[in-house]
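These notes are about the structure you will find just below.
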Amino acid sequence: MTFQIAKTEIASKAELYADLQSQLRALLEGETDFIASAANFSSLLYHSLPDVNWAGLYLLKGDELVLGPFQGKPACVRIAIGKGVCGTAAEQRQTILVDNVHEFPGHIACDGASNSEIVVPLVDRERLIGVLDLDSPLVARFDDDDAKGLNELAQIFVGAVQKVKPS
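Be aware that the sequence shown starts at 34, since it is given in my numbering, and climbs by one per residue.
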C-alpha cells in the first residue's frame, strides 16, 4: 500500500488538523500492530506540520518513559516520570506547551536545535500509555490551536490502538 501525505493549501490550523485527522484515521484503519501505528503517526506529524524538527512517542514502561517510534535526530532513550517536559506531562497527565525550552526547569536537551516543545499525554481511560512529543527549532512555535489539534489526534491514535499493547 502506498500512502501519500496530502499537501494541500490549508488556510488555518483548524483545517490542517481536520485534514490530519482524516489522514491518521486512514493510516490506522485495520492496523493491529501498535508499533506500526505509532511509527506512522509520528511520520505523519513530522512530514505534515511546518517547523517541526522532532515528532515521536515515549511509551510508559514500568516507572519511566522509553523512546518509541519517532522522526528526527536520535533522542534520549529513557525519561523518568516527573522529569523534563515529557516526564512532567506524563506525571500531570496534561498537555504542556513550552515556548522556550531553555527556560523550562529541568529541561532534558536531546537536540540542541530545539527551542520550543509540546507534549501530549496518551491516556486510555485512566491508563497512561505514554506521551506524544513534538519539538521545533522556532521559539513559541506551538500554541493553543496546536494543543487542541494534537490532543484530538492523540485521542484518535489511542482509540485505534486501545486493544493493542505496546511491545
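Built from N, CA and C at the ideal position, the CB exists for glycine as well. Since this is a predicted model, take the numbers as computed values, not measurements.
How long is the line joining the alpha carbons of residue i and residue j, rounded to whole angstroms?
i, j, result
"Gly63", "Gly182", "23 Å"
"Arg160", "Asp177", "25 Å"
"Leu53", "Leu186", "8 Å"
"Arg58", "Phe74", "10 Å"
"Tyr79", "Glu136", "24 Å"
"Pro138", "Phe175", "19 Å"
"Ser169", "Ser149", "5 Å"
Considering only residues of the same chain and omitting the five flanking positions on each side of residue i, which have a CB-CB separation below 7 Å?
i, result
"Ala113", "Glu97, Gly120"
"Ile141", "Cys109, Ile112, Lys116, Gly117"
Measuring CA to CA, which of the options is closest to residue i?
i, options, result
"Leu171", "Ile151, Val110, Glu48", "Ile151"
"Val156", "Val134, Gly139, Leu167, Ala122", "Ala122"
"Gly163", "Lys46, Ala47, Phe67, Leu49", "Phe67"
"Asp132", "Ala51, Ser76, Ala173, Arg126", "Ala173"
Report buried or exposed for residue i, applying the criterion of at least 16 other Cβ atoms within 10 angstroms of its Cβ.
i, result
"Asp179", "buried"
Can you list, in chain order, the residues of its chain with a C-beta nearer than 8 Å to that of residue i? Leave out the 5 residues immediately preceding and following it.
i, result
"Ala108", "Trp87, Gly89, Leu100, Cys143, Asp144"
"Ser281", "The chain is shown only over 34 to 200; residue 281 falls outside these bounds and no answer can be derived."
For residue i, write down the residues that DSSP places opposite it in a beta bridge.
i, result
"Pro154", "Val164"
Quick one: is residue i near chain C, going by C-beta distance under 8 Å?
i, result
"Asp144", "Reference to chain C is not applicable here, since this structure consists of a single protein chain."
Near residue i, which residues of its chain fall below 6 Å by C-beta distance, leaving aside the five closest residues on each side in sequence?
i, result
"Leu167", "Val85, Ala88, Ile151"
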